[in-house]
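Trainee: Take 1 as the starting number for the sequence shown in this note's numbering and just add one per residue.
We put the CB at the ideal spot given by N, CA and C, even for glycine.
A quick note: this is a predicted structure, and the numbers were derived from the prediction, not measured.
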Amino acid sequence: MEFPSGTRTASEAAASIGVDEGQIAKSLLFMAGETPILAVVSGRHRVSTERLEELTGCSVRKANAREVRSITGFVIGGVAPIGHAQPLRVVLDEHLWDYPVVYASAGSPNTVFAVSADELLRMCQGEVAAVAEIINAET
1 MEFPSGTRTA SEAAASIGVD EGQIAKSLLF MAGETPILAV VSGRHRVSTE
51 RLEELTGCSV RKANAREVRS ITGFVIGGVA PIGHAQPLRV VLDEHLWDYP
101 VVYASAGSPN TVFAVSADEL LRMCQGEVAA VAEIINAET
């Protein structure tokens, strides 16, 4: 599926394809020490760096644009949960299973593909963990 350019947030993406914001699966790259880790969370949530640190046992920070491009092969805003430039540890947040279908980036900022959380887990050979926290309505 493709939506208009300029669709920059999970909320805008969801509105453009007529689904709940939580069905947008955001793929965000973090560095756990020197090791990249991709967290996939619902559009209604944000990644909790504290939970990622508990999971990895390392200090965690968001990857910068150069790291995102070189490690995943994608630009920020278009990182797919699969098909990376190098093998990655992928963690899917448990809230993705709140929906029968989620919509994940297909490798560009304005394309997504529909998939069940179970199938996405299989495709990315990832793991399931509680790594997200809900976004406040004010943010």
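DSSP three-state label for Val68, please.
Mentor: Position 68 of the sequence shown, counted from the first residue, corresponds to residue 68. Correct three-state label for Val68: helix.
Trainee: Give the list of continuous alpha helix (DSSP H) stretches no shorter than 4 residues that lie fully inside the region 60-130.
Mentor: The qualifying runs are 65-72, 117-124.
Trainee: Please confirm if the region 73-80 is in contact with the region 52-62, defined as three or more CB-CB distances below 8 Å between the two stretches.
Mentor: No: the two stretches stay apart, fewer than three of their Cβ pairs being nearer than 8 Å.
Trainee: Within its chain, find whatever has a CB closer than 6 Å to the CB of Val41; leave out the 5 residues flanking it on each side and keep chain order.
Mentor: Here residue 41 corresponds to residue number 41 of the sequence shown, with the count starting at 1. Lys26, Val47, Asp93, Ala132, listed in sequence order.
Trainee: Have a look at Arg69 and Leu28 and give me their C-alpha separation to the nearest angstrom.
Mentor: Counted from its first residue, the sequence shown places residue 69 at position 69. Counted from its first residue, the sequence shown places residue 28 at position 28. Taking the straight line from one Cα to the other gives about 12 Å.
Trainee: Figure out for me which residue from Val90, Gly107, Leu96 has the closest Cα to the Cα of Phe74.
Mentor: Within the sequence shown, residue 74 is the residue found at index 74, counting from 1. Minimum Cα distance to Phe74 is reached at Gly107.
Trainee: Check for me: the beta strand (DSSP E) holding Glu133 runs from which residue to which?
Mentor: What you label residue 133 is simply residue 133 of the sequence shown in a count that begins at 1. 132-134 is the extent of the beta strand (DSSP E) around Glu133.
Trainee: Starting from Ser42, trace the beta strand (DSSP E) both ways and give me its first and last residue.
Mentor: Counting from one through the sequence shown, the residue named residue 42 turns up at place 42. 35-42 is the span of the beta strand (DSSP E), which, as asked, contains Ser42.
Trainee: Buried or exposed, going by whether 16 or more other CB atoms sit within 10 Å of the CB of Ser59?
Mentor: Numbered from 1 along the sequence shown, position 59 holds the residue referred to as residue 59. So Ser59 ends up on the exposed side.
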